[in-house]
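Participant: Can you read through this structure? Questions will come right after.
Protein chains: 2
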Amino acid sequence: MQDLIRYINTYHRLGAEAISALERHFEKQVLPKSEYLLREGSVCRHLYFLQQGVLRGYYVLNGKEITHWFAFENSFVTSFHSYITAQPAVENIQLLEGCVLLAITKEKLEKLFNQFPEIERAVRIAYEKYYIRLEERFVNAHFSSAAERYETLLQQYPGITNRVPLGHIAAYLGISQETLSRIRARL
Amino acid sequence: MQDLIRYINTYHRLGAEAISALERHFEKQVLPKSEYLLREGSVCRHLYFLQQGVLRGYYVLNGKEITHWFAFENSFVTSFHSYITAQPAVENIQLLEGCVLLAITKEKLEKLFNQFPEIERAVRIAYEKYYIRLEERFVNAHFSSAAERYETLLQQYPGITNRVPLGHIAAYLGISQETLSRIRARL
DNA sequence: GCCGGGTTTTGATCTATGTCAAAAGCCCCC
DNA sequence: GGGGGCTTTTGACATAGATCAAAACCCGGC
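As given, the protein sequences belong to chains X and Y, one line each in that order.
For the first sequence, the working numbering assigns the number 136 to the initial residue and increments by one for each residue that follows.
For the second sequence, the working numbering assigns the number 136 to the initial residue and increments by one for each residue that follows.
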């Protein structure tokens, strides 16, 4: 729980009341490797804080699994589109390692927004950061070569290669596994 | 001003007080074609609502202008990274037509957040929608062919071809102008 | 009506990356 | 400790799209 509070405080400093309310409403979950947090077709009703472990989000296109994001410890995770719109998710969220998560439902969180505007503010600020991150990734994806994108990824998440199979990384980078393998051979 | 209020209300319905506060703080600007709303290197201190006209955001890479977004009437516009971080922008925002804009400074808007949590909520919800849109664009960019992306764009903004030069559209799609021209020839 | 600049098209060629298929490597488990 | 099944690498070939260069088009201003 400390981790969560510490993380939120980096976005917006919260008062003691708000903190204890958060602590009361997030629930700890410990799940084993390969488990699913969400399967396509069901609605994602939770926001998660990933305290320990690695996750991937992927969807299936032409029979192939396309991993389009990873999450590492100390980040918020959800199937954003499904969470916001309350529509069935098109993606799956799977654990790549055993994980420790803190979960809260959307309903509870929105009640907290009403009680504590400062929590809503923290979330608003978090959104801003996440939006910028996605923008950066977008620009990067569009205008760098596959090799550059791989190197950027390595800098961002050193050690990812030990925790995530190559095929998933390739999909994340938007290239084929074979190409990634060749890029690695060249480095 | 009606347009702005109507637009915000689609995200979150506001009370009369909040509405009149917004009306007092947004300032109308009318600017001619080719003018700049922002030039790279300066900090973007405003959030704009584009009431009439078209804008593009672009940055310069290897001496080439890369248009990475467009905005059409009834949308919020800013150089998000610069606006949020208060760092000098790497992008330029240019008018592709004469435009009518409503502008508010970040400081004023944040004061309004303190006075009216409902305004902050509307912004939070708007962020959610904008995030989802960016996500969709991202997935689309990654996993559709250039021709498919072009058709998607045409559906999203019918009439864009009459308002925006081909070269900018090509850059937006992440392809060369020549390729886009050939795609059009094939349709 | 004509000129000149910007915009769009067309052609020829080059390159990064994809696809398919097979071989290697690795590791978990009985 | 020897399969069997993943994961990764390697090879041969195909292709979307880039680049460079030139021609054609289009349109506003004189």
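Note that the Cβ used here is the ideal one computed from N, Cα and C, for glycine as well.
When you compare the CB of T220 of chain Y with every CB in chain X, is at least one pair closer than 9 Å?
Facilitator: Interface residue, yes.
Participant: Quick one, which residues of the region 205-235 of chain Y are near chain X if we go by CB-CB under 7 Å, in chain order?
Facilitator: Of all residues in the region 205-235 of chain Y, F215, H216 and I219 have a Cβ within less than 7 Å of some Cβ in chain X.
Participant: If contacts are defined as beta-carbon pairs under 8 Å, then H277 of chain Y and R191 of chain Y qualify, I think. What distance do you get, rounded to the angstrom?
Facilitator: Not confirmed; about 22 Å, so no contact.
Participant: Answer yes or no: do V299 of chain X and G233 of chain X have a C-beta to C-beta separation smaller than 9 Å?
Facilitator: Contact: no.
Participant: Could you list which residues in chain X have their beta carbon closer than 8 Å to that of A257 of chain Y, in chain order?
Facilitator: Result: empty, since nearest Cβ-Cβ is about 10 Å, beyond 8 Å.
Participant: Out of X:Q186, X:Y171 and X:A282, which has the shortest C-alpha to C-alpha gap to I310 of chain X?
Facilitator: Considering only alpha carbons, the answer is X:A282.
Participant: Count the CB pairs spanning the region 208-225 of chain X and the region 176-191 of chain X that are closer than 8 Å, and state whether there are at least three.
Facilitator: Yes, the region 208-225 of chain X is in contact with the region 176-191 of chain X.
Participant: Taking Y171 of chain Y as the reference, give the member of Y:L149, Y:E208 and Y:S214 with the closest Cα.
Facilitator: The shortest C-alpha separation from Y171 of chain Y is found at Y:S214.
Participant: Comparing alpha-carbon positions, which option in Y:L322, Y:L301 and Y:R321 lies nearest Q312 of chain Y?
Facilitator: When each option's Cα is compared against that of Q312 of chain Y, the closest is Y:L301.
Participant: So, does the CB of Y183 of chain X fall closer than 9 Å to a CB anywhere in chain Y?
Facilitator: No, its Cβ sits nowhere closer than 9 Å to a Cβ of chain Y.
Participant: Going by alpha carbons, who is nearest to A261 of chain Y out of Y:Y142, Y:E286, Y:N249 and Y:M136?
Facilitator: Comparing Cα positions, the closest option is Y:Y142.
Participant: Do the CB positions of F211 of chain Y and Y292 of chain Y come within less than 9 Å of each other?
Facilitator: Their beta carbons are not under 9 Å apart, which means F211 of chain Y does not touch Y292 of chain Y by this criterion.
Participant: Short of 7 Å in beta carbon distance, which residues of its chain neighbour A153 of chain Y, apart from the five on each side in sequence? Order them along the chain.
Facilitator: Taken in chain order, the residues that qualify are F251, E253 and I254.
Participant: F273 of chain X and F207 of chain Y: beta carbons closer than 9 Å?
Facilitator: For F273 of chain X and F207 of chain Y, no; Cβs fall outside 9 Å.
Participant: Using a Cβ-Cβ cut-off of 8 Å (strictly less than) and excluding sequence neighbours within five positions of L230 of chain X, which residues of its own chain qualify?
Facilitator: Once the five neighbours on either side are set aside, the close Cβ partners of L230 of chain X are L166, P167, K168, S169, E170, Y171, L172, G188, V189 and L190.
Participant: If we require 3 or more residues per run, which beta strand (DSSP E) segments fall completely within the region 211-241 of chain X?
Facilitator: Whole beta strand (DSSP E) segments, 3+ residues: 227-230 and 234-240.
Participant: Quick check: what's the CA-CA separation for L139 of chain Y versus A306 of chain Y?
Facilitator: Whole-angstrom Cα-Cα distance: 29 Å.
Participant: Given a threshold of 16 other Cβ atoms within 10 Å of its Cβ, counted over all protein chains shown, does A224 of chain X qualify as buried or as exposed?
Facilitator: A224 of chain X should be labelled buried.
Participant: According to DSSP, what are the bridge partners of V195 of chain Y?
Facilitator: DSSP, once it has assigned bridges, lists Y:E200 as partnering V195 of chain Y.
Participant: Could one say the Cβ of A282 of chain Y lies closer than 9 Å to chain X's Cβ atoms, at least one of them?
Facilitator: No, because no Cβ of chain X sits closer than 9 Å to the Cβ of A282 of chain Y.
Participant: Using a Cβ-Cβ cutoff of less than 6 Å, which residues in the same chain neighbour M136 of chain X once the five nearest sequence positions on both sides are dropped?
Facilitator: Excluding positions up to five away in sequence, the list reads E158.
Participant: If you count every other CB in all the chains shown that lies within 10 Å of the CB of N227 of chain X, and 16 or more means buried, which is it?
Facilitator: By the neighbour-count rule (16 or more Cβ atoms within 10 Å), N227 of chain X is buried.
Participant: Could you have a look at Y292 of chain X and say whether DSSP puts it in helix, strand or coil?
Facilitator: Of the three classes helix, strand and coil, the one that applies to Y292 of chain X here is coil, per DSSP.
Participant: Under DSSP, the beta strand (DSSP E) around K163 of chain X begins and ends at which residues?
Facilitator: Here the beta strand (DSSP E) through K163 of chain X covers E162 to L166.
Participant: Drop a sphere of 10 angstroms on the beta-carbon of Q186 of chain X, count the other beta-carbons inside from all chains shown, and report buried for 16 or more, exposed for fewer.
Facilitator: Flag for Q186 of chain X reads buried.
Participant: At a CB distance below 7 Å, what residues from the region 142-157 of chain X approach chain Y? Give them in sequence order.
Facilitator: Within the region 142-157 of chain X, no residue has a Cβ that lies closer than 7 Å to any Cβ of chain Y.
Participant: Tell whether a beta-carbon distance below 9 Å holds between H147 of chain X and I239 of chain X.
Facilitator: Cβ atoms of H147 of chain X and I239 of chain X: not closer than 9 Å.
Participant: Who are the near neighbours of I318 of chain Y in its chain, counting only those whose CB is closer than 7 Å to its CB and skipping five residues on each side?
Facilitator: A281, A282 and Y285, listed in sequence order.
Participant: I'd like to know if H303 of chain Y contacts chain X, where contact means its C-beta is closer than 9 Å to some C-beta of that chain.
Facilitator: With 9 Å as the cut-off, H303 of chain Y does not count as an interface residue toward chain X.
Participant: Which class does L269 of chain X belong to by DSSP, given the choice of helix, strand or coil?
Facilitator: Here L269 of chain X sits in helix by DSSP.
Participant: Would R259 of chain Y and V258 of chain X be called neighbours here (beta carbons separated by less than 9 Å)?
Facilitator: Yes. Within cutoff.
Participant: Ignore the nearest five residues each way along the sequence and tell me which others in L244 of chain Y's own chain have a CB closer than 7 Å to its CB.
Facilitator: Around L244 of chain Y: L182.
Participant: Are the CB atoms of L269 of chain Y and Y266 of chain X nearer to each other than 9 Å?
Facilitator: Against a cut-off of 9 Å, the Cβ pair of Y266 of chain X and L269 of chain Y comes out as a contact.
Participant: Given a limit of 9 Å on CB to CB distance, which residues of the region 262-289 of chain X reach chain Y?
Facilitator: Residues Y262, E263, K264, Y265, Y266, I267, L269, E270, E271, R272, F273, V274, A276, H277 and F278.
Participant: Output, in sequence order along the chain, the residues in the region 302-322 of chain X whose CB is closer than 8 Å to any CB in chain Y.
Facilitator: Those residues of the region 302-322 of chain X that come within reach of chain Y (Cβ to Cβ, closer than 8 Å) are G309.
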